[in-house]
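Q: Below you will find the structure I want to go over with you.
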Amino acid sequence: MDDTELHRERILRHVSPIITGRFLGFQTSYTREVRIGRPVAITVFLLAGLAQLIGGILRMRPARRTLKELRKGPEFLVTPVRLRDDLGQTYEIEMHGQLPQSALHRGDLIQVRTEPQADPTLPVRLMQVVNLTTMQPLTPRIPTQWSHMGPALLLQAVLGVAIFGVVLAAWFG
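According to my numbering, the sequence shown is numbered sequentially starting from -3.
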């Protein structure tokens, strides 16, 4: 065992939903991809395809995306955040998305609201931060599956629902 093992700080991960402590800093950020569920992607893809089919007949130029592109989902920034409570315990929390760099400074007293992630091996996810030093509430912003699909494709899917409804009404009416 070398000297670095003797002095390694113990980092706590799974904690209560609210943690209050001093901000120690951001760790190195990386990106993570969010996969979109197969039922959602297929439904949007098929409904938008119906609208694209009608648009092709009417010579409109549809927005085209493959099912594989839809399923891939958006990438978002993951930044591990460390803070230390009054008892000297250090916590690591994952922040998804971004905050303004000037929002938190080393040593600021902060209170974070967290949620566990689907993968139990990952640290809890930071949902909201209140900088108690400046009394500023902060919420990281990340892309959603809906923003990833884009307004054009979603509009086509809505149009596809309307077309499907008209066809169904004509069939049974």
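Think of the CB as a built atom: it goes at the ideal place given N, C-alpha and C, for glycine as much as any other residue.
These numbers were taken from a predicted model, which means no experiment stands behind them.
According to DSSP, simplified to helix, strand and coil, what is Q152?
A: Reduced to three states, the DSSP call for Q152 is helix.
Q: Please report how far the alpha carbon of Q94 lies from the alpha carbon of L118, in whole angstroms.
A: Spanning the two alpha carbons is a distance of roughly 19 Å.
Q: Can you give me the C-alpha to C-alpha distance between I89 and R34, rounded to a whole angstrom?
A: About 29 Å.
Q: Which residues in the same chain have their Cβ closer than 7 Å to the Cβ of L185, if we skip the five residues on either side of it in sequence?
A: Residue 185 lies beyond the residue range present for the chain, which begins at -3 and ends at 169; the question has no answer from this structure.
Q: Just checking my contact of F19 with L83 at CB under 8 Å: how many whole Å lie between their CB atoms?
A: About 16 Å separates the two Cβ atoms, so there is no contact after all.
Q: What residue range does the beta strand (DSSP E) around Q132 cover?
A: Element bounds for Q132: Q132 to L134.
Q: Assuming contact is defined by CB atoms lying nearer than 8 Å, are Q152 and A99 in contact in what I supplied?
A: Their beta carbons are not under 8 Å apart, which means Q152 does not touch A99 by this criterion.
Q: Cα-Cα, which of L164, A166, L155 and F168 is closest to T39?
A: Answer by Cα proximity: L155.
Q: Compare the Cα-Cα distances from V125 to each of I14, R6 and V162 and report the closest residue.
A: Nearest C-alpha to V125: I14.
Q: Any idea what DSSP makes of Q97, helix, strand or coil?
A: Residue state, collapsed to three classes: helix.
Q: Any idea which residues DSSP pairs A42 with across the strands?
A: A small correction: the amino acid at residue 42 is Leu; Ala does not occupy that position in the sequence shown. BP columns for L42 are empty, so no partner.
Q: Measure from the alpha carbon of F22 to the alpha carbon of each residue in V74, G45, T16 and A165, then state which is nearest.
A: The residue with the shortest Cα to Cα distance from F22 is V74.
Q: With 16 as the cutoff for other CB atoms within 10 Å, does V163 come out buried or exposed?
A: Counting Cβ neighbours within 10 Å, V163 comes out exposed, since fewer than 16 surround it.
Q: Considering only the alpha carbon of each residue, which of R6, S12, I7 and T16 lies closest to D104?
A: Looking at the Cα atoms, T16 is the closest of the given residues.
Q: Rounded to the nearest angstrom, what separates A158 and A37 at their Cα positions?
A: Cα to Cα, the separation comes out at about 18 Å.
Q: Grab the span of the beta strand (DSSP E) containing G21 for me, first residue to last.
A: Segment I14 to F22, the beta strand (DSSP E) holding G21.
Q: Return the chain-ordered list of same chain residues with a C-beta closer than 6 Å to the C-beta of T129, the five sequence neighbours on each side being excluded.
A: These residues qualify, in order along the chain: D104 and L105.
Q: Using the beta-carbon count (16 or more within 10 Å), is A114 buried or exposed?
A: Exposed: under 16 other Cβ atoms inside 10 Å.
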